[in-house]
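Read in my numbering, the sequence shown has 144 at position 92, and its numbers run on one by one without any break. Right, one structure below, let's go through it.
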Amino acid sequence: MPGSAAIAAGTIAGPCHSVPNQSTWVDSPVRDGAVLIGDAAGFNDPIVGQGLSISLRDVRIVGELLLGSDDWGPALFAPYAEERAERMRRLRFAARLDAVIHAEFGPEATARKLRFREARAKNPLLGLAAAAVMVGPELVPAEAFTDEAWAELMAV
Ligand SMILES: Cc1cc2nc3c(=O)[nH]c(=O)nc-3n(C[C@H](O)[C@H](O)[C@H](O)COP(=O)(O)OP(=O)(O)OC[C@H]3O[C@@H](n4cnc5c(N)ncnc54)[C@H](O)[C@@H]3O)c2cc1C
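And the structure:
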């Protein structure tokens, strides 16, 4: 039997679980009596592989807040909620950029990928947001994560 016929006659193995490339988040990870951390508080598109970094930073921040006070009310965790919201917003931006440039298919997407590479060779600061996954989102200038920056990237 030729290979293609053998494949066509094959039996589908399964069930096969897949992980969608998406981000999730909650408006606030803090409620009276509960603080969400890690994936439970919202996870980043897996394309940039930040899950453990995010979770461990959550653990560090929340752990230090708990150790620094005996008043464990929601107000104690406000700095965590604020930092996490901006951290995840920046990581969503970086992951979306990665997905659009590197994980879309078809002639249009391929042409955009090539245009982006050429433009970046001329201007290494183009798409600086992508550096967030390597150095940490807080170390990249805020201007890299604006709507204007996104529009500029998509206009390449
Ligand atoms: C296929 C895949 C590939 C990934 N690759 C990477 C990668 O390359 N790099 C990276 O950094 N991250 C990666 N991640 C993401 C990373 O695994 C997660 O972000 C990270 O494990 C989140 O940690 P967590 O402690 O929040 O949640 P989890 O690791 O999911 O831990 C939650 C735990 O709670 C337990 N639990 C749930 N409900 C209950 C209950 N009611 N009672 C008691 N226990 C309960 C679960 O069994 C689980 O053990 C990947 C994820 C997937 C799915």
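Glycine residues also receive a C-beta, built at the ideal position from the N, C-alpha and C atoms. If you're wondering where the values come from, they're calculated on a predicted model, not measured in any experiment.
Please state the DSSP three-state secondary structure of residue i.
i	result
Val87	strand
Val82	strand
Met186	helix
Trp124	coil
Ser70	coil
Trp202	helix
Ala65	coil
Phe95	coil
Starting from residue i, trace the alpha helix (DSSP H) in both directions and tell me its first and last residue.
i	result
Ile153	130-154
Pro159	159-174
Ala194	Here Ala194 belongs to no alpha helix (DSSP H), and DSSP marks it neither H nor E.
Could you check how far apart the C-beta atoms of residue i and residue j are, in whole angstroms? I think they sit under 8 Å.
i	j	result
Gly103	Asp91	7 Å
Ile106	Glu135	Between Glu135 and Ile106 the Cβ distance is about 11 Å, and since that is not below 8 Å, they are no contact.
Quick check: what's the CA-CA separation for residue i versus residue j?
i	j	result
Ser80	Leu143	17 Å
Tyr132	Ala86	13 Å
Ala151	Ser75	12 Å
Leu166	Ala58	37 Å
Met53	Thr63	15 Å
Gly125	Val111	17 Å
(message) So, does the segment 107-127 touch the segment 71-78, judging by three or more C-beta pairs under 8 Å?
(response) no
(request) Report yes or no: do three or more beta-carbon pairs, one from the segment 83-98 and one from the segment 166-184, lie closer than 8 Å? (result) no
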